[in-house]
Structures are given as structure tokens and as C-alpha cells.
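What follows is a single structure, written as C-alpha cells, with notes after it.
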Amino acid sequence: MALKIDDMPGAIRQAKKELRAALPNYREVFAEVEKAIGEEAKRIAAQRDRGENVIPEIRFADITEGRVSAEQIALVKSRGACVIRHVFPREQVRRWDDDIAHYVEQNRLDKRLENRAEDKYFGQLASSKPQIYGVYWSKPQVLARQSESLTAARVFLNRLWRNESEGRVHFDPERVPVYADRLRRRPPGSASLGLSAHCDGGSVERWIEGNFRKVYRHVFAGNWRDYDPFDAAFRPDVEEIASPAVCSMFRTFQGWTALTPQGPGDGTLQLVPIAGSMVYILLRALQDDVADDDLCGAMPGRALSIKPEFHAPLFEALSSIPKMEAGDTVFWHSDVIHAVEDEHKGAGYSNVMYIASAPACAKNDAYLKRQLPSFLEGESPPDFPADHFETDFTGRATVDDLTPLGRAQLGLDL
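In this note's numbering, the protein residues as written are 1 to 414.
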């Protein structure tokens, strides 16, 4: 069910009044958080500036063979992100990239893009948006989503979460439903096509909506050290404000698969690798220098923007992901701050398929039922602008391209 609020400034004022009343020492608590998060950001920045990796890396073979160490898992949970290497063979992914290029060219997507539906989701961000194609159902995308290897990687990621707490089972980590998302195809030399720092999966809702408040119950009670970003309690119950391009599925991790080699300077992904950074964001908005009807610039139906004037300490840790090869994947916790470099200074295309990790739960099963007709008809999925480019595309994936696992992940057997 979508959250509907008629008087947003009034709702924000009321939410802040309630949250401050429940946490009278909100100034002192935030001072503690600011010190702790600031120190962590400085440690990450120092490590990055020494040339060390700040995003944990795991070999896919270590996942399949059970060799991922407790230390690696602890670091992934601390940083809220990881790169998983060699999920797909490079030659296979190179063919996929060629197939996608042929798919968009033969169907003259460039002409259709001139009439695309306006995507306002990123409109508040200082940079505009990367070169993202409203394509969801090419055969390579469908084959990658239903692959045994990427499914195994996502089951591993789902298992990092506590799926049972507060006396309830929140999701099934072994089942990985499809959340159909888009492509990025970014040519070398493109500039000012990045994304400013932001979080997805809820903006003003995090302070206003009842189940979001339960997700962050420890933070809003002042017991911020008890907050576990990987506790799934109440997350599948939250209600978002309906908007094109706002995710209404519960994702354990956002993610993408590299179709081409790319790295720092190639217009690639940047992360603030602090899993608990949402604690800072939530409490920052309650401070006295923020207007009573403002949540540090958060806007309904948009990405939650992270701004230097409000969140300066977090920017110190903003780091580009390491060099990626075709077939590598990167995943980041659904609350982790991320951005995209403005300039692509590299020599080749910087191409990715956005494929997240999501577990089976009632919220996600409900989305599958809404998404399935989009696959069958070649339309844009429910969470995205209604461009519907692919309805008459030659070479689009169909039910005949699905494996039994693919059928299950798309909800054909629900």
C-alpha cells in the first residue's frame, strides 16, 4: 500500500515534534553520533588516500566453496558494500554487451528516447542523471537475472541479514525474486552526467511513516549503538510514497553487474562505505538549525539527497569503487549513500546492468504480481517511468527464454 500525505510540511512538523519529544536529548545524542561517524569517515578516507581498497572484495568461487571468512563478512557488514569478482565469465559478458548494443540499435531506441517519460526522481540532485536506458527485458538482462551464479551470490548477500527477529520471520533468503531494472551505457568523454550523493528506498517516509520509525526504533530512542542495519525487522512492512522510479520492493542490496571494464575516473559508482550512516542522516534532520518543516532537503517521491551543508562529515568517506572487469558485480546496502562520478575520463564504454538482491517476502511477492504483466507485454515495470519502449522490440526476451528458476523468480509460479 502506498503512503499518501496531503499536507507534507505539516506532516514533517508533526513528525519532528513527536521525535524530539521522544528523544529530549536529541542534541547530545547527535553529538555522539557525529563524533563517531566523523572518526569512521576519517579512517576510511585515510585508507583510501593510501591507495588501499575501502570496498571489500570477495571472489565468487569463495562463496560457492564456503571459503568466505568471518573477518570478510564482518567487513562487508561494517562497510555495507562489497565487490564480488568473477560472477560471470568475461567472454560471456562481452557477448551480452554486444547483444545489448545490437538490441538497442536495431530497435532504434535513440529515436524513442527523444519522447521518453520525464524521470523526476533525480530532479533535486545537483548532477542530472547518468545515461540510463529504459530497457528491462533484453535477453542478456533476463539471462543474467535468472543465472545460477548471480542467484547464488544474492542468496549469500541475503543471508548476511537477520531475517528473524522481534518474534517474526521477515523474509526467505533462499528465494530471490526479480526486480527488473535498467541499463547504463555511458560513452567515454561524457561529462556532467553523474548523480549527486543520495540514498534510495525512502526519503521523508523514514521520519514520518510508522514502520520506517520501527526500522530505526533504536536510533529514535537514542540507543543508536543498538541499531543493526542488517536487522530486517519491519523493513518489508514500510510504505513508500508512490512515485515513478521509487523502489517499492524490499532490497537487501542494490547492485549492478559490469558489462565492460571500468574503474575510478570512468564515470563509475561512488559509495560512502559506512553501513550505519543512516543514523547520522536521521538525527541530523532533528537538529535546531534545520527548519521545522524541513528534513535537510528531503523531498517526497525523490531520492533522499545527501547535502554538503548538512552532511559534510559523510562526504569525507565518499570513495569510488575499485577497478571492475566484465562479469564482476558490486552490491551496496539499501541505506548506503551512493553517487556516480560526473565525468567519464576513460577510453571505453562504461556499461552496467542494474540487478539488485531482494528476498522473498509478502511485499516483494505483491510486487511480482504487478511486474509480471510488464514482462509479458514488454512494458516498463511498475516502479519506473511508463515509457514502454520494448512492447514491439525485435529480440525481446519472452517466456520461452526462462529457465524453471527464471519462471519462479518472475512469479510465474506464484
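Positions of the beta carbon are idealized from the N, C-alpha and C atoms, including for glycine.
Rounding to the nearest angstrom, what Cα-Cα distance links residue i and residue j in this structure?
i	j	result
LYS249	LYS363	Before going on, a small fix: residue 249 reads as Met here, not Lys. If I take the Cα positions, the gap works out to 7 Å.
VAL93	ARG186	16 Å
VAL155	ALA317	28 Å
ASP342	ASP413	42 Å
LEU286	ARG27	8 Å
VAL142	SER334	22 Å
ASP292	GLU32	22 Å
ILE355	ARG284	31 Å
ASP181	VAL135	8 Å
PRO24	PRO236	29 Å
ARG95	GLN262	17 Å
ALA366	LEU410	11 Å
PHE60	ARG85	6 Å
ASP97	ALA233	38 Å
ILE306	LYS4	24 Å
LEU271	LEU372	32 Å
ALA15	TYR280	17 Å
ALA36	GLN72	22 Å
ARG175	ALA408	9 Å
GLN47	ALA41	10 Å
From which residue to which residue does the beta strand (DSSP E) around residue i run?
i	result
TYR354	350 to 354
GLU57	57 to 59
ALA81	81 to 85
VAL340	338 to 340
LEU271	269 to 271
Our contact map puts residue i next to residue j with C-beta atoms below 8 Å; I'd like the distance itself, whole angstroms only.
i	j	result
PHE389	LEU183	That pair is no contact at about 11 Å.
TRP256	VAL352	4 Å
ALA303	CYS199	7 Å
CYS361	PHE230	No, CYS361 and PHE230 are not in contact; Cβ-Cβ is about 15 Å, not under 8 Å.
TRP137	ARG396	5 Å
Check each candidate in the options and name the one with the smallest Cα separation from residue i.
i	options	result
GLU57	ILE241, PHE30, LYS323	LYS323
ALA242	ASN25, GLN72, PHE384	PHE384
PHE315	ASP7, LYS17, GLU39	GLU39
ARG50	LEU376, LYS345, ALA326, SER319	SER319
ALA70	PHE230, LEU160, ALA298	LEU160
PRO9	VAL54, VAL178, GLU34, GLU205	GLU205
ALA453	LEU405, THR394, LEU368, SER203	A question about residue 453 goes unanswered here, because the residues of the chain that appear run from 1 up to 414.
GLY406	ALA347, SER190, TYR179, ASN211	TYR179
VAL54	THR64, GLU34, SER78, ILE63	SER78
ILE208	ASP401, PRO404, GLU18	GLU18
GLY265	PRO188, ILE63, ALA21, GLU148	PRO188
LEU269	VAL215, VAL340, ASP289	VAL340
GLY276	VAL330, PRO382, LEU195, ARG225	ARG225
On the DSSP letters alone, give me the boundaries of the alpha helix (DSSP H) that residue i sits inside.
i	result
SER196	Careful: SER196 lies outside any alpha helix (DSSP H), inside the beta strand (DSSP E) at 195 to 199.
ARG206	205 to 208
GLN106	90 to 106
LEU113	109 to 113
LEU259	That residue, LEU259, is in no alpha helix (DSSP H); it is neither H nor E in DSSP.
ARG20	8 to 22
PHE47	Strictly speaking, residue 47 in this sequence is Gln, with Phe absent from that position. From DSSP, the alpha helix (DSSP H) with GLN47 extends over 26 to 49.
GLN287	Where GLN287 is concerned, there is no enclosing alpha helix (DSSP H), given that its DSSP letter is neither H nor E.
LEU314	308 to 315
GLY406	404 to 410
ARG154	148 to 158
SER380	From DSSP, SER380 is part of no alpha helix (DSSP H); its letter is neither H nor E.
What does DSSP give as the partner residues of residue i in its beta bridges?
i	result
ARG396	SER138
PHE253	HIS333, SER357
ARG186	SER350
ILE241	LEU3
MET324	GLN262
ARG168	SER165
Counting only C-beta atoms, is residue i closer than 7 Å to chain D at any point?
i	result
VAL336	The structure shown contains no chain D, having only a single protein chain.
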